[in-house]
Amino acid sequence: MDGNMLEQLIERYEMATFSVNRSLHVILRDRMPAQLTIEQYGVLRYIESRQLCHSSDLAEFMCVGKSAITAIVTRLVDKGLVGRKPDDRDRRMIWLYLTPEGKRMVADCKAAIGRMLAGYIGYFEEKEALGFIETYEKLAAVMAEDERRNRE
20 MDGNMLEQLI ERYEMATFSV NRSLHVILRD RMPAQLTIEQ YGVLRYIESR
70 QLCHSSDLAE FMCVGKSAIT AIVTRLVDKG LVGRKPDDRD RRMIWLYLTP
120 EGKRMVADCK AAIGRMLAGY IGYFEEKEAL GFIETYEKLA AVMAEDERRN
170 RE
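Pasting the structure below:
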């Protein structure tokens, strides 16, 4: 790929990403329950996907410091959405899990977000949608691998 084409593609990617992220942030913020922020929802979704996790896992996933995760988790615990339990083998390790209310909150939010995204994805033919998500997943995998190599 020549340098001019690469430059044009990067420009288009930046503009599209900025526009989509800005719009999604506004739409998601508007669909979140009043007591939940987008970041808190991200934490709930991560815990849901793992069933149990540690704060350090969350900090790494969200690319923030452990103190920031501790503050978010504490708010979620105070809201009754996340619970903490000591590891059976190492009492210094604390497992995080969703409470029944946390599970309900995630299910409600996922349904609302799913309905919203379905409306946008519905503009694409199935082949276009599959091609897009496969390419986006490939980009995510390449970036994750690059990040992993940079940590080593």
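Be aware that the sequence shown starts at 20, since it is given in the working numbering, and climbs by one per residue.
Using N, Cα and C, we set each Cβ at its ideal position, and we do this for glycine too.
Alpha carbon of residue i to alpha carbon of residue j, nearest angstrom
i	j	result
S74	T93	11 Å
R50	M112	34 Å
A148	I140	7 Å
A182	A90	Coverage of the chain is limited to positions 20 through 171, which leaves residue 182 absent and any answer about it impossible.
R168	C82	15 Å
T118	E171	35 Å
Y60	A160	23 Å
Y116	A130	20 Å
M124	Q70	15 Å
E30	D109	49 Å
L28	L158	14 Å
Residue from the options with nearest C-alpha to residue i
i	options	result
C128	M34, N40, V62	V62
E120	L55, W114, V45	L55
S58	L71, C72, L77	Inspection of the sequence shows that residue 58 is occupied by Glu rather than by Ser. It is L77.
R134	N23, M34, L47	L47
V45	G22, M162, E144, I132	I132
C72	W114, N23, L136, A126	W114
I65	D165, D106, A126	According to the sequence as given, residue 65 is Tyr; it is not Ile. Minimum Cα distance to Y65 is reached at A126.
Neighbourhood of residue i by C-beta, 7 Å cutoff - its chain only, sequence neighbours within 5 removed
i	result
S68	none
M20	none
E79	none
Margin query: Quick check: the region 97–109 against the region 145–164, are at least 3 beta-carbon pairs closer than 8 Å?
Written below: no
Notebook entry, point to check: Are three or more beta carbon pairs between the region 69–87 and the region 38–53 nearer than 8 Å?
Noted result: No contact exists between the region 69–87 and the region 38–53.
Check: Which full runs of the beta strand (DSSP E) of 3+ residues lie inside the region 86–144, going along the chain?
Finding: 101–105, 113–117
Next item on the list: Any chance you could list the beta strand (DSSP E) runs of at least 3 consecutive residues sitting entirely within the region 38–79, in chain order?
Entry: none
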